[in-house]
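Per my numbering, the first sequence starts with residue 9, numbered consecutively.
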Amino acid sequence: MMNHSNARKLSTFHGLIFKSNLSSSSYASQKRFSDKKFFNSKLEDGGVVVERLCRANRFGEAIDVLCGQKLLREAVQLLGRAKKPPASTYCNLIQVCSQTRALEEGKKVHEHIRASGFVPGIVIWNRLLGMYAKCGSLFDARKVFEEMPNRDVCSWNVMVNGYAEVGLLEEARKLFDEMPERDSYSWTAMVTGYVKKDQPEEALVLYSLMQRVPNSKPNIFTVSSAVAAAAGMKCIRRGKEIHGHIVRAGLDSDEVLWSSLMDMYGKCGCIDEARNIFDKIIDKDVVSWTSMIDRYFKSSRWREGFSLFSELVGSCERPNEYTFAGVLNACADLTTEELGKQVHGYMTRVGFDPYSFASSSLVDMYTKCGNIESARHVVDGCPKPDLVSLTSLIGGYAQNGKPDEALKYFDLLLKSGMKPDHVTFVNVLSACTHAGLVEKGLEFFYSITEKHDLTHTSDHYTCLVDLLARSGRFEQLKSVISEMPMKPSKFLWASMLGGCSTYGNIDLAEEAAQELFKIEPENPVTYVTMANIYAAAGKWEEEGKMRKRMQEIGITKQPGSSWTEIKRKRHVFIAADTSHPMYNQIDEFLGELREKMKEEGYVPATSLVLHDVEDEQKEENLVYHSEKLAVAFAILSTEEGTAIKVFKNLRSCVDCHSAIKFISKITKRKITVRDSTRFHCFENGQCSCRDYW
DNA sequence: ATAGGGTTAG
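Printed below as a string of structure tokens:
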């Protein structure tokens, strides 16, 4: 989540990105090359050749032609008519099966080899092994490995690598220890396996070990994995050490290796070091660009990230789905919809793969920016929206308090044969919570284990507690907590505290707060919420104690900040902050609004402010809450009737919520406010949350 | 004629 200081640093990078000319047609036409027409015309020419070869009983060569065109199924069909194809034909066939991960076809080829009485040499055996390993069928690979007449180092390597690749590290290690001789490849396979399985320490132990063994000098692949291991440990010391090996061994002329070094420095938080390496790479490819851009974003250096993306767009390298995903995620984090839309436009012009990650990032960007219609549009326009896109959209509808829409897309997800995962259920449950559909929510909660073959996660329990707490079902909530199979998380206690605050349940609130004080004593939200609960109940003494305790520990309430985007510029407001250039106008406008609101029946919720201040002063404090400032500013800065959007870092307060309802009616504006938990859509004096949040 | 490394969400 974005905080206000990040928001401040931003403001005017929009526009700078797409200034450069978009000469993107080459990329689009390149894409179109792979379409059906092109493919079919190739088949026609080849088809004539294949037909002729078949008529001459030259099936082996016909199969080779089909293999060349990756027409695997046809090739395997022909194999049935070829009695004794040459070894090279088998070799080609297995290769294509391997490349396209076609296990079914691969098995047919293997069967044919067995039936024809052909005696494979070691190379064919190894390729068969490799084919099964590539297809992830280690069971079949192992069978081949056991029955082959002799094995060379490559056979062992393929097995070790195969096991390591699918994460069966113990099995890989057993073979690795057993094998008669090990070369660089064997060591690399193990090192890489450990890195992939998130065991960087093990990886580096092996890496050090191999350097003392003859015949196993690290090569670019090994060091590249070692660098990734250091990155995974975020250990700059080891990283620099390996960087040293690389330079000393003269391996530092490989572009991919540069790129992994850059990634390592970036992940260790040395962004400037990473940039240095990036600048030294002569042939930068998309991966190095994307990696650098993303590093900037991950360390909140938004401006530098966007400006590098802009440079990429202007260069001759083309961004790919990874790049788009990264940039869109940044737009989503910053809730900068205008910029996100520009990126979307650019993607459409250069042609992006609608089946890729980029699609789901688009959905997420629009959802987080509060434009659920556009998010839906992306999903509806996608030939086959994936699980992440649908889950994102469901979450969006949940946050907008639209359970019907959320559940509609959940149905769609099930009907298209996808398996929902635990995140999907978090969003489905949240849809029920935000709409107060308690029974339905409970039903979904139980269906997770009973119907969908998943286990309940800590997140699911948090959702359940949220569902029950927001609807005031505290008895049921207590029994859920006492019976749940894992330790309640801080999020669960925070949900419970939130519900207690709504219903003024002081006893349970204290219980939740006790737990939170243990887990995260430094979080001001707990103290403030407790103080507010006491204040609302008129328990001034307890309230004072709570505030004093905060002072003693030395923590302060996180300042509320709200922001809004006007004409591609972000304006950030902090409570009672008068530094905005239009502050006087905003103040005056809020004054006018307040009079009109009172005529319509608005009563300031003064109990929310410190009790030792006079009533009039309390009212003053409320007026300058950041979201009121942002709303007033947005109205002043846009044409009459324009819908406005405001984002807030904390949960919306009761007074602002009620005030904005009046403001929407008086000014005839549609006002969307996204607080830390959901979207509130105000129109004509009503809020989409129906005061349930 | 046989294996392998770097960037990606909800």
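We treat Cβ as the ideally placed atom computed from N, Cα and C, and that holds for glycine.
Residue nearest to residue i in terms of C-alpha spacing, selected from the options
i           : options            : result
residue 687 : 701, 318, 185      : 701
residue 444 : 699, 528, 673      : 699
residue 277 : 302, 227, 170, 293 : 302
residue 418 : 409, 401, 408      : 401
residue 676 : 202, 105, 632, 601 : 601
residue 428 : 408, 356, 397      : 397
residue 656 : 640, 329, 570      : 570
residue 377 : 116, 336, 554, 548 : 336
residue 240 : 374, 209, 482      : 209
residue 233 : 216, 582, 76       : 216
residue 459 : 486, 300, 422      : 422
residue 415 : 404, 395, 408, 436 : 436
residue 612 : 213, 669, 560      : 669
residue 323 : 345, 291, 161, 642 : 291
residue 314 : 509, 173, 331      : 331
residue 707 : 108, 575, 118      : Any answer about residue 707 is impossible in this case: the structure gives the chain only from 9 up to 701.
residue 320 : 340, 296, 305      : 296
residue 280 : 312, 205, 257      : 312
residue 424 : 57, 235, 394, 213  : 394
residue 339 : 434, 496, 305, 558 : 305
residue 252 : 593, 231, 66, 573  : 231
residue 204 : 484, 186, 221, 176 : 176
residue 94  : 67, 214, 369, 453  : 67
residue 442 : 466, 489, 478, 463 : 478
residue 390 : 365, 646, 644, 143 : 365
residue 161 : 174, 107, 186, 142 : 186
residue 235 : 76, 224, 223, 267  : 267
residue 692 : 679, 673, 685      : 673
Pairwise C-alpha distance: residue j and residue i
i           : j           : result
residue 432 : residue 188 : 48 Å
residue 681 : residue 637 : 12 Å
residue 704 : residue 661 : Since the first residue shown for the chain is 9 and the last is 701, residue 704 is missing from the structure and cannot be characterised.
residue 492 : residue 609 : 46 Å
residue 72  : residue 91  : 15 Å
residue 667 : residue 640 : 11 Å
residue 349 : residue 671 : 28 Å
residue 39  : residue 359 : With a pLDDT of 33 at residue 39, under the threshold of 50, the modelled position of that residue is not reliable, and no figure is offered here.
residue 151 : residue 136 : 11 Å
residue 317 : residue 69  : 48 Å
residue 328 : residue 553 : 56 Å
residue 132 : residue 159 : 12 Å
residue 694 : residue 408 : 14 Å
residue 413 : residue 399 : 12 Å
residue 515 : residue 486 : 12 Å
residue 18  : residue 259 : Confidence is the limiting factor: at residue 18 the pLDDT is only 38, short of 50, which leaves the residue's position unreliable, though a coordinate-based value still follows. Spanning the two alpha carbons is a distance of roughly 40 Å.
residue 109 : residue 201 : 20 Å
residue 5   : residue 697 : A query on residue 5 cannot be resolved here, the shown segment of the chain reaching from 9 to 701 and no further.
residue 82  : residue 227 : 40 Å
residue 30  : residue 326 : For residue 30, the predicted structure reports a pLDDT of 35, less than 50, and the residue's modelled location is therefore unreliable. The matter cannot be settled from this model.
residue 371 : residue 469 : 26 Å
residue 583 : residue 551 : 22 Å
residue 84  : residue 439 : 50 Å
residue 37  : residue 361 : With a pLDDT of 33 at residue 37, under the threshold of 50, the modelled position of this residue cannot be trusted; read the value that follows with caution. One C-alpha to the other measures close to 13 Å.
residue 471 : residue 434 : 7 Å
residue 256 : residue 562 : 51 Å
Whole-number beta carbon distance between residue j and residue i, since they are thought to touch under 8 Å
i           : j           : result
residue 199 : residue 180 : In fact, because the Cβ distance is near 11 Å, the residues do not count as touching under 8 Å.
residue 449 : residue 475 : 4 Å
residue 242 : residue 275 : 6 Å
residue 263 : residue 293 : 7 Å
residue 299 : residue 271 : 5 Å
residue 380 : residue 354 : Actually they do not touch by this definition, with Cβ atoms about 22 Å apart.
residue 102 : residue 139 : 5 Å
residue 104 : residue 87  : With a Cβ gap of about 12 Å, residue 104 and residue 87 do not count as contacting.
beta-carbon residue i near the ligand FMN non-hydrogen atom, thresh 7 Å
i           : result
residue 660 : As presented, the structure is devoid of all ligands, the ligand FMN included, so that no description of it is given.
Residue(s) in a DSSP beta bridge with residue i
i           : result
residue 574 : 577
residue 681 : 654, 688
residue 582 : 569
residue 694 : 691
Are three or more beta carbon pairs between the region 491-511 and the region 528-539 nearer than 8 Å? yes
Quick check: the region 164-179 against the region 190-208, are there 3 or more CB pairs under 8 Å? yes
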